[in-house]
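Taking it in order: structure first as structure tokens, then the write-up.
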Amino acid sequence: MKLLVIGGGGREHALAWKLLQSPRVHKVYVAPGNAGIALEEGLESLPVTAFPELIEFAKKENIAFTVVGPETPLAEGIVDAFLGADLKIFGPTQQAAQLEISKDFSKAFMLRHNIPTAAYATFSDPSAAHQYLDQKGAPIVIKADGLAAGKGVVVALTLEEAHAAVDAMLIEKNLGEAGAKVVIEEFLQGEEVSFMVMVDGHQVLPLATSQDYKRLQDGDQGPNTGGMGAYSPAPFISPERHAKVMREIIDPVVTGMRHENSSYVGFLYAGLMITPNNEIKVLEFNCRMGDPETQPIMMRLKSDLVTLIEQALNGTLDKAEIEWDRRVAIGVILAAHGYPGNPRKNDAINGLPALISKQKSSDEFHIFHSGTTLGGKDGNEILTAGGRVLCVTAMGDSVKMAQRNAYNIAEQIHFDGRQMRSDIGYRGIVNAGIVHQKD
Ligand code: AMP
Ligand code: GLY
988 MKLLVIGGGG
998 REHALAWKLL
1008 QSPRVHKVYV
1018 APGNAGIALE
1028 EGLESLPVTA
1038 FPELIEFAKK
1048 ENIAFTVVGP
1058 ETPLAEGIVD
1068 AFLGADLKIF
1078 GPTQQAAQLE
1088 ISKDFSKAFM
1098 LRHNIPTAAY
1108 ATFSDPSAAH
1118 QYLDQKGAPI
1128 VIKADGLAAG
1138 KGVVVALTLE
1148 EAHAAVDAML
1158 IEKNLGEAGA
1168 KVVIEEFLQG
1178 EEVSFMVMVD
1188 GHQVLPLATS
1198 QDYKRLQDGD
1208 QGPNTGGMGA
1218 YSPAPFISPE
1228 RHAKVMREII
1238 DPVVTGMRHE
1248 NSSYVGFLYA
1258 GLMITPNNEI
1268 KVLEFNCRMG
1278 DPETQPIMMR
1288 LKSDLVTLIE
1298 QALNGTLDKA
1308 EIEWDRRVAI
1318 GVILAAHGYP
1328 GNPRKNDAIN
1338 GLPALISKQK
1348 SSDEFHIFHS
1358 GTTLGGKDGN
1368 EILTAGGRVL
1378 CVTAMGDSVK
1388 MAQRNAYNIA
1398 EQIHFDGRQM
1408 RSDIGYRGIV
1418 NAGIVHQKD
């Protein structure tokens, strides 16, 4: 069978790579894809983003089903468009994707369904927002209501920063429509984890746990990014905490969405904060898999992803069995010069290991491409084309071994201005000792 994945980053590369491992699949198209996808046997980049063209392609090529990677096409209603054309697609409808698209919707939804999250208020009037800030004090968090490509959240440590963030969003309109409303919420401290599941409208299949590293520099310093690396599993999620997340967060979301007539089908991502007094609160929902969390999670998935998605599309996720590699997987991001502010493009990438064919696909490591393109003199050079460039993902029997394996490969890959953290996975080492601690 032939499949289609929408998107062009490391998450989509990893999803497509995993889908291709199914014995039933001989081709996975990724639209628009990237250089790594284009060069990998069995995967093909398709330089198309318009929905009518994608629908025409899916029909013409007899695509068995489509999987959506990023939030933007979901927010633009790609699932509604494909379903309207009688095509199978895995992802939430535009209405169900409100959980990510609107922070205000998401917070109000959590309140309606008793899902634990930080206290908040929503404002479109700047003076009311300023008044609220003065009343609450700092630290405090200001979030643009709409999608802002990772730039919509300001964790303000002082009231001055908080007031400036409100002015930037509500008065200067630096995020456009996305910042026309802001959610101001209580600052939470603790350990952040990523909890992802598959949902078929009714039933839920939890995926492996993970943590990502949002800050640019070692020791969680520097500006926020889309994620500089991730590892799986996250030992901080003990079996007790796992059960609590399912009971208090995931199940109420799925039931709540169904009761509000917008059944949720697709991957669902809950960004969670585990506070020092052991409360688990939702920081955000994403209506998709995380990037780069997907890369290590797909490395550890032993089951056939095609079967799992078919079960989700058929509403039979309760029958699904999922098996994980017991090893640890770590994904280290190599980012471009200037990322996250103003990433430079067109730097030549050298030192990439030779490609491995589908038959010989290594289960030790894989290099997933994000912002890469083919160019140069003969059109065969691999060049940087975005902020996050590559995700070197490797397995190991322990966090330390996975780290060593990933960094051994990552250090051989060069491009001018390369940025890379050297401590991805450290939380797994710090937290490993508490795995069996009772909650
Ligand atoms: P979000 O897009 O809502 O996940 O926010 C991006 C990042 O900001 C999160 O990954 C956290 O690191 C941080 N953050 C968001 N909300 C809060 C909060 N209420 N308290 C502390 N940090 C937060
Ligand atoms: N890595 C966080 C995200 O995908 O939103």
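Each residue of the sequence shown is one higher than the one before, counting from 988 in the working numbering. We treat Cβ as the ideally placed atom computed from N, Cα and C, and that holds for glycine. The model shown is predicted, which means the values in this text are computed figures rather than measured ones.
Would you grab the beta carbon distance between residue i and residue j for me? Rounded to a whole angstrom, and I think it's under 8 Å.
| i | j | result |
| --- | --- | --- |
| Q1406 | A1322 | 4 Å |
| I1171 | L1120 | 7 Å |
| S1197 | P1283 | 6 Å |
| Y934 | E1173 | No information on residue 934 is available, as it lies outside the stretch 988 to 1426 that the chain covers here. |
| I1400 | Y1200 | That pair is no contact at about 18 Å. |
| G995 | P1019 | 5 Å |
| S1357 | L1377 | 7 Å |
| T1371 | F1402 | 6 Å |
| I1129 | A1105 | That pair is no contact at about 12 Å. |
| H1100 | P1239 | 5 Å |
| V1141 | E1147 | That pair is no contact at about 12 Å. |
| H1189 | G1302 | 7 Å |
| V1459 | A1131 | It is not possible to answer for residue 1459, since the shown part of the chain is limited to 988 through 1426. |
| G1415 | P1222 | 6 Å |
| V1015 | L1041 | Contact doesn't hold; Cβ gap of about 14 Å is too wide. |
So, with DSSP's three-state summary, where would you put residue i?
| i | result |
| --- | --- |
| F1223 | coil |
| D1121 | helix |
| L991 | strand |
| I1309 | coil |
| R1202 | strand |
| V1035 | coil |
| R998 | helix |
| D1154 | helix |
| A1341 | coil |
| I1050 | strand |
| G1362 | strand |
| V1017 | strand |
| A1165 | helix |
| A1389 | helix |
| N1329 | coil |
| L1134 | coil |
| G1383 | strand |
| G1277 | coil |
| S1114 | helix |
| G1056 | coil |
| G1415 | helix |
| K1160 | coil |
| Q1082 | coil |
| I1102 | coil |
Taking DSSP's pairing of strands, which residues face residue i in a bridge?
| i | result |
| --- | --- |
| C1378 | I1320, F1355 |
| L1074 | For L1074, which the question treats as bridged, DSSP gives no partner whatsoever. |
| I1127 | A1143, E1173 |
| M1260 | E1179, K1268 |
| A1108 | I1171 |
| F1254 | M1185 |
| N1395 | BP columns for N1395 are empty, so no partner. |
| H1401 | N1337 |
| V1232 | Bridge partners of V1232: none, in fact. |
| G1216 | V1319 |
| L1030 | V1015 |
| S1197 | S1181 |
In the DSSP assignment, the beta strand (DSSP E) including residue i goes from what residue to what residue?
| i | result |
| --- | --- |
| R1408 | Note, R1408: premise wrong, no beta strand (DSSP E); not H, not E. |
| Q1208 | 1208-1211 |
| E1063 | Where E1063 is concerned, there is no enclosing beta strand (DSSP E), given that its DSSP letter is neither H nor E. |
| T1294 | Unbroken run through T1294 is the alpha helix (DSSP H), 1292-1301; no beta strand (DSSP E). |
| L1192 | 1191-1193 |
Start and end of the alpha helix (DSSP H) containing residue i?
| i | result |
| --- | --- |
| A1022 | 1022-1026 |
| F1096 | 1090-1099 |
| V1240 | 1238-1246 |
| T1371 | Counting along the chain, T1371 falls outside any alpha helix (DSSP H), though it belongs to the beta strand (DSSP E) covering 1368-1371. |
| P1283 | 1281-1287 |
Return yes when the C-beta of residue i is under 6 Å from any heavy atom of the ligand NAD, and no when it is not.
| i | result |
| --- | --- |
| N1273 | The model on display carries the ligand AMP and the ligand GLY but not the ligand NAD. |
Contact between the region 1270-1290 and the region 1045-1058 (3+ Cβ pairs under 8 Å): Contact between the region 1270-1290 and the region 1045-1058 is present, because at least three Cβ pairs lie under 8 Å.
Does the structure place the region 1158-1171 close enough to the region 1212-1223 that three or more beta carbon pairs sit under 8 Å? No, the region 1212-1223 is not in contact with the region 1158-1171.
Quick one: any contact between the region 1076-1092 and the region 1235-1255, if contact means 3 or more CB pairs under 8 Å? A contact exists between the region 1076-1092 and the region 1235-1255.
Count the CB pairs spanning the region 1019-1033 and the region 1059-1077 that are closer than 8 Å, and state whether there are at least three. They do not touch, by the three-pair rule.
At least 3 beta-carbon pairs within less than 8 Å: the region 1113-1128 vs the region 1290-1300: With a cut-off of 8 Å on Cβ pairs, the region 1113-1128 is not in contact with the region 1290-1300, counting fewer than three such pairs.
Between the region 1350-1366 and the region 1383-1400, can you find at least three pairs of beta-carbon atoms closer than 8 Å? Cβ pair count under 8 Å is three or more, so yes.
Under 8 Å: do the region 1021-1035 and the region 1091-1106 share three or more Cβ pairs, one atom per stretch? Between the region 1021-1035 and the region 1091-1106 there are fewer than three C-beta pairs closer than 8 Å, too few to call the two in contact.
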